Amino acid sequence: MEERIFYVSDYHFDHQIALKRSRSDWFSTIEEMNETMIRLHNQKVRPEDQVYILGDIIVCEESELEERLQATIGKLQGHLHLICGNHDYKYKDLTIFHNYFETVQDSLIIKDRGRWVQLYHYPVLCWYRKQKGAFHIYGHLHNETIGKECKSLQKEPRALNACVEITEYEPCTLDELLDKNSRYKSI
0 MEERIFYVSD YHFDHQIALK RSRSDWFSTI EEMNETMIRL HNQKVRPEDQ
50 VYILGDIIVC EESELEERLQ ATIGKLQGHL HLICGNHDYK YKDLTIFHNY
100 FETVQDSLII KDRGRWVQLY HYPVLCWYRK QKGAFHIYGH LHNETIGKEC
150 KSLQKEPRAL NACVEITEYE PCTLDELLDK NSRYKSI
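Heads up: the sequence shown begins at 0 in numbering that gives the first Met the number 0, then just goes up one per residue.
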């Protein structure tokens, strides 16, 4: 079976502020948000698939981390690779955090079906092999569309937002991200 690669960003499991800020149209409670995102993830991702999570996986107190990781990330299928986001750095040096991911990195460059892809939590306007057709997949912005940075990114056809608010709360292939970002960038 052909290896499948998925991308997703900013799950923000357990994060009340994320629920209030950009998800209240979809979810009423943290429990509903967590359960729905786990279900959507597992409906799509097979155990053998590669999943690149572009940061901000969970937000909780360090004292609750192991329990919350088990209840959320521990239920996600696939080979999980984390690209750290701003909410992940406080856990980055903890062994328990690393136990839930095959890799934990600040950024990464991969090939996806012959296409170069630069992975980073934050959007950038210059990336590896950009002028030769490479892609940049990022998170952090959620579904933001206003501001100078967002306007600049909207002009970049191969800069793709993988935030769950854009991907309808599920991981996406590169081709699916292209489709979902064309809608997001036209807003």
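Cβ coordinates follow ideal geometry from the N, Cα and C atoms, glycine included. Everything numeric in this text was worked out from a predicted model, so none of it was measured.
DSSP, reduced to helix, strand and coil, places residue 114 within a strand of the structure shown.
For residue 82, the enclosing beta strand (DSSP E) starts and ends at 78-82. According to the DSSP assignment, residue 135 belongs to no alpha helix (DSSP H) but to the beta strand (DSSP E) extending over 134-137. When only Cα atoms are considered, residue 40 and residue 21 end up about 19 Å apart.
Per DSSP, residue 70 lies in no beta strand (DSSP E); the unbroken alpha helix (DSSP H) holding it starts and ends at 64-70. In the displayed model, residue 28 falls within coil according to three-state DSSP, outside both helix and strand. The C-alpha of residue 184 lies about 26 Å from the C-alpha of residue 37. Rounded to the nearest angstrom, the gap between the Cα atoms of residue 13 and residue 57 is 6 Å.
The alpha carbon of residue 84 has as its nearest neighbour, out of 105, 3 and 157, the alpha carbon of 105. If you ignore the 5 residues before and after residue 140, its C-beta comes within less than 7 Å of the C-beta of 122, 149, 160 and 162, all in its own chain and listed in chain order. Per DSSP, residue 130 has no beta-bridge partner at all. By the Cβ rule, the region 149-158 does not count as touching the region 64-77, because fewer than three pairs are nearer than 8 Å. Residue pairing by DSSP puts residue 52 in a beta bridge opposite 7 and 81. DSSP, reduced to helix, strand and coil, places residue 75 outside both helices and strands of the structure shown, so it counts as coil.
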